[in-house]
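As structure tokens, the structure follows; a few thoughts come after it.
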Amino acid sequence: MPLSIHQASVPVFITMLTNIKNWLDKAAAEQDEAVLIAARIAPDMHPLARQVQMVSDTAKGAAARLSGTEAPSMPDTEASFAELKARCDKTIAYLEGIDAAALNAGETREVVMTFPSGAGMRFDALTYLTGYVLPNFYFHTSMIYAILRGQGVNVGKQDFLAHLAPHRFAPPA
Numbered sequence: 496m497p498l499s500i501h502q503a504s505v506p507v508f509i510t511m512l513t514n515i516k517n518w519l520d521k522a523a524a525e526q527d528e529a530v531l532i533a534a535r536i537a538p539d540m541h542p543l544a545r546q547v548q549m550v551s552d553t554a555k556g557a558a559a560r561l562s563g564t565e566a567p568s569m570p571d572t573e574a575s576f577a578e579l580k581a582r583c584d585k586t587i588a589y590l591e592g593i594d595a596a597a598l599n600a601g602e603t604r605e606v607v608m609t610f611p612s613g614a615g616m617r618f619d620a621l622t623y624l625t626g627y628v629l630p631n632f633y634f635h636t637s638m639i640y641a642i643l644r645g646q647g648v649n650v651g652k653q654d655f656l657a658h659l660a661p662h663r664f665a666p667p668a
């Protein structure tokens, strides 16, 4: 059975947005929120808050482009963990409302992206999802994790892959 566009995108986005919310909870319990919101890996990289916004934008933008719908507008004004988590919740709610059939019908859609600079990219739907969206989504997700980890938040691989907890088992004796 082939993997559908919906299966390869929406559950992945929801899972990681949920994990990010949990990381922010852990961070709030351990570190100064104001410091973490502005923390970045390198001077020329975006800070934590912008990384969360970009994860949200990537997920909702992909779902909209592939389903032929309009993504909800979310101004990039979040300045607290509570606001970042609320943005994750809004993104998850939007993704949960996407019609799987409409998203899967986007498999033959051409996706054209134009950037503020005027440059752009043109993709077939599968290349857009697998070659642009998923790598971009995981890049910014990984930056959130790396920023938190680099600032001393006690997150580990188990937190990144927390959604796999139901699949764990004890090794044979």
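All residue numbers for the sequence shown refer to our numbering, where the first residue is 496 and numbers rise by one. We put the CB at the ideal spot given by N, CA and C, even for glycine.
The three-state reading of DSSP puts residue 564 in coil, since its state is none of H, G, I, E or B.
The Cβ neighbour count for residue 573, taken over all protein chains shown within 10 Å, is at least 16; the residue is labelled buried.
Taking C-beta separations shorter than 6 Å and ignoring five residues to either side along the sequence, the partners of residue 618 in its chain run 606, following chain order. Residue 593 is not a Cβ neighbour of residue 509, given a cutoff of 7 Å. Here the alpha carbon of residue 559 sits roughly 12 Å from the alpha carbon of residue 595. For residue 505, the closest of 657, 582, 556 by C-alpha to C-alpha distance is 556.
Setting aside the 5 residues that flank it on each side, residue 609 is surrounded in the same chain by 615, each with a C-beta closer than 6 Å to its C-beta; the list follows chain order. Comparing alpha carbon positions, the residue from 666, 563, 656, 566 closest to residue 515 is 656. By the Cβ-count criterion, residue 652 is exposed, with fewer than 16 other Cβ atoms from all chains shown falling within 10 Å of its own Cβ. Going by DSSP, residue 644 is part of the alpha helix (DSSP H) stretching over 629 to 645. In this structure, residue 512 keeps its C-beta atom at 7 Å or more from the C-beta atom of residue 531. Distances from the alpha-carbon of residue 507 to those of 554, 627, 571, 578 put 554 closest.
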